[in-house]
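Down below is the structure, laid out as structure tokens.
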Amino acid sequence: MIRARRALLPGGTGPASVRVSQGKIAGIGPYDAAAGGADEVVLAGDEVLLPGLVDTHVHVNEPGRTDWEGFATATRAAAAGGITTIIDMPLNSIPPTTDGAALRLKRESAAGQIHVDVGFWGGAVPGSAGRMQELHEAGAFGFKVFLADSGVPEFPPVDRAGLAAVMAEAAALGSLVIVHAEDAAALQPSPAGRSYGPFLRSRPAMAEVTAIRTVIDVAERTGARAHVLHLSAADAAGLIAGSRVTAETCPHYLALAAEEISDGATQFKCCPPIRERANRERLWQALADGIIGCVVSDHSPCPPGLKQLDTGDFGAAWGGISSVQLALPVVWTQARQRGLALDDVARWMASGPAGLAGLAGKGRIAPGADADLVAFAPEDSFVVEPERLYHRHRLTPYAGRRLHGVVRRTWLRGAPVPGPRPAGRLLTRGTAP
Ligand SMILES: [Zn+2]
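Structure (structure tokens):
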């Protein structure tokens, strides 16, 4: 039994005791309800009990690019950051998760070394349409497509006709298509040099707006469920509002700004890019308005050498930001400054992503759900020291920043994580709560 002066329940925040039995939430009662012989955990006065977060956008890279990031390190970092479920992206592992055999290989690679629950997105590339059923039936949570170069040759983008074919098949399967929405024709190759401005201008907001217009149009024609990944351009919010597509954004778009990126600081390079401060404030407005429903990490690591920090060349550096361990305090620090509540953060980072992936037993503190819980101290703060990160590589744009919100403890199905033995399970689409 876990007692908290503030527990974040679906009906609001207040004092509660949460009874855990066999890994599930068995009941929620008053703060001082009788324990009935159960072990008791009493949260400190400054701690809030949150549902374990669900991060539906994580690149683990194992197998194939395990030297970039692997299941053991990524899931240990997630647990330390209050994230109890991740859904792995179908690239940049080798092979990419574009068929049933690759998904089986992913599951075999993850088994026995995960500290949180892990599910898998499938990928759709040119030629996938017509053979997506296999991945769907193997338990993939949906299909990722790119509308522009993905950065790795084994995961090519689809054109508009290819997107329509993938969406039509996903609609027939009752699956979901998740889209890296930048329009290839509106992008320039990354310009060489140490200055951030030319890189930013090579990937203008209009590239996202154009691609999202295509996604909405094709989703309407095919009847598919579609989701826009890592929205950076606030200009697209008006298009998404009232459309049938959903959208997510990421901590770095909400916390960082182009004006603050120094020359050669390629740890800030990602695609789509971090834009100007004014754009960032409009992303916060789109979140507050409910147009963006999820905030997920897009944890996308690489070995530090690929970031080309010795030359600081934004053209040559790999694009991607690692943040699975820091996502919650990064977002909370910003939300708090804007007068937003922890309930909002939990909606964007727990129940919202759980809903996107169809994980009925995750992302909320409610009877019958998995006892995935976090003791979070929202007013406590810390300075990001890279050596305290469990990511395989510790390069981070947040180094030296003071963040509010300390994850004191995380439980997965009632057991503390990360623990001595990996306690995570492999999830498949439709996993019962
Ligand atoms: Zn990504």
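So the sequence shown is numbered by my numbering: it starts at 16 and just counts up by one.
Backbone N, C-alpha and C define an ideal beta-carbon position, used for all residues, glycine too.
Applying the criterion that 16 or more other CB atoms from any shown protein chain within 10 Å of the CB defines a buried residue, is residue i buried or exposed?
{"i": "residue 447", "result": "Model confidence at residue 447 stands at a pLDDT of 49, short of 50, so the residue's coordinates are unreliable and nothing is read from them."}
{"i": "residue 37", "result": "exposed"}
{"i": "residue 396", "result": "exposed"}
{"i": "residue 275", "result": "exposed"}
{"i": "residue 77", "result": "buried"}
{"i": "residue 292", "result": "exposed"}
{"i": "residue 338", "result": "buried"}
{"i": "residue 450", "result": "The structure shown does not extend to residue 450, since the chain spans only 16 to 448, so no value can be given for it."}
{"i": "residue 256", "result": "exposed"}
{"i": "residue 260", "result": "buried"}
{"i": "residue 398", "result": "exposed"}
{"i": "residue 19", "result": "buried"}
{"i": "residue 412", "result": "buried"}
{"i": "residue 230", "result": "buried"}
{"i": "residue 444", "result": "buried"}
{"i": "residue 91", "result": "buried"}
{"i": "residue 420", "result": "buried"}
{"i": "residue 429", "result": "buried"}
With hydrogens ignored, establish whether the beta-carbon of residue i is closer than 7 Å to any heavy atom of ligand 1.
{"i": "residue 74", "result": "yes"}
{"i": "residue 165", "result": "no"}
{"i": "residue 124", "result": "no"}
{"i": "residue 315", "result": "yes"}
{"i": "residue 245", "result": "yes"}
{"i": "residue 147", "result": "no"}
{"i": "residue 104", "result": "yes"}
Do residue j and residue i have their beta-carbon atoms positioned less than 8 Å apart in this structure?
{"i": "residue 452", "j": "residue 284", "result": "For residue 452 there is no data in the structure shown, the boundaries of the chain being 16 and 448."}
{"i": "residue 95", "j": "residue 340", "result": "yes"}
{"i": "residue 207", "j": "residue 331", "result": "yes"}
{"i": "residue 108", "j": "residue 75", "result": "yes"}
{"i": "residue 218", "j": "residue 197", "result": "yes"}
{"i": "residue 431", "j": "residue 63", "result": "no"}
{"i": "residue 105", "j": "residue 83", "result": "no"}
{"i": "residue 270", "j": "residue 160", "result": "no"}
{"i": "residue 131", "j": "residue 99", "result": "yes"}
{"i": "residue 128", "j": "residue 437", "result": "yes"}
{"i": "residue 441", "j": "residue 119", "result": "no"}
{"i": "residue 158", "j": "residue 205", "result": "no"}
{"i": "residue 263", "j": "residue 192", "result": "no"}
{"i": "residue 298", "j": "residue 268", "result": "yes"}
{"i": "residue 407", "j": "residue 85", "result": "yes"}
{"i": "residue 234", "j": "residue 226", "result": "no"}
{"i": "residue 67", "j": "residue 343", "result": "no"}
{"i": "residue 505", "j": "residue 102", "result": "Because the chain in this structure spans residues 16 to 448, residue 505 falls outside the shown range and cannot be described."}
{"i": "residue 220", "j": "residue 250", "result": "yes"}
{"i": "residue 371", "j": "residue 286", "result": "no"}
{"i": "residue 254", "j": "residue 224", "result": "yes"}
{"i": "residue 148", "j": "residue 188", "result": "yes"}
What residue range is occupied by the uninterrupted beta strand (DSSP E) comprising residue i?
{"i": "residue 264", "result": "261–264"}
{"i": "residue 185", "result": "Not the beta strand (DSSP E): residue 185 falls in the alpha helix (DSSP H), residues 175–188."}
{"i": "residue 426", "result": "417–427"}
{"i": "residue 450", "result": "Coverage of the chain is limited to positions 16 through 448, which leaves residue 450 absent and any answer about it impossible."}
{"i": "residue 194", "result": "191–195"}
{"i": "residue 243", "result": "240–243"}
{"i": "residue 430", "result": "430–432"}
How would you write the range of the alpha helix (DSSP H) that residue i sits in, first residue to last?
{"i": "residue 131", "result": "Where residue 131 is concerned, there is no enclosing alpha helix (DSSP H), given that its DSSP letter is neither H nor E."}
{"i": "residue 400", "result": "Per DSSP, residue 400 belongs to no alpha helix (DSSP H) and is neither H nor E."}
{"i": "residue 344", "result": "342–352"}
{"i": "residue 252", "result": "252–255"}
{"i": "residue 213", "result": "211–217"}
{"i": "residue 236", "result": "220–237"}
Check residue i in the structure and name its three-state DSSP category.
{"i": "residue 164", "result": "coil"}
{"i": "residue 98", "result": "strand"}
{"i": "residue 448", "result": "At residue 448 the pLDDT is 44, less than 50, meaning the model places this residue with poor confidence and gives no usable figure here."}
{"i": "residue 26", "result": "coil"}
{"i": "residue 41", "result": "strand"}
{"i": "residue 75", "result": "coil"}
{"i": "residue 137", "result": "strand"}
{"i": "residue 336", "result": "strand"}
{"i": "residue 306", "result": "coil"}
{"i": "residue 151", "result": "helix"}
{"i": "residue 32", "result": "strand"}
{"i": "residue 377", "result": "coil"}
{"i": "residue 20", "result": "strand"}
{"i": "residue 372", "result": "helix"}
{"i": "residue 390", "result": "strand"}
{"i": "residue 438", "result": "coil"}
{"i": "residue 121", "result": "helix"}
{"i": "residue 159", "result": "strand"}
{"i": "residue 408", "result": "coil"}
{"i": "residue 521", "result": "Since the first residue of the chain shown is 16 and the last is 448, residue 521 is not available in this structure."}
{"i": "residue 311", "result": "coil"}
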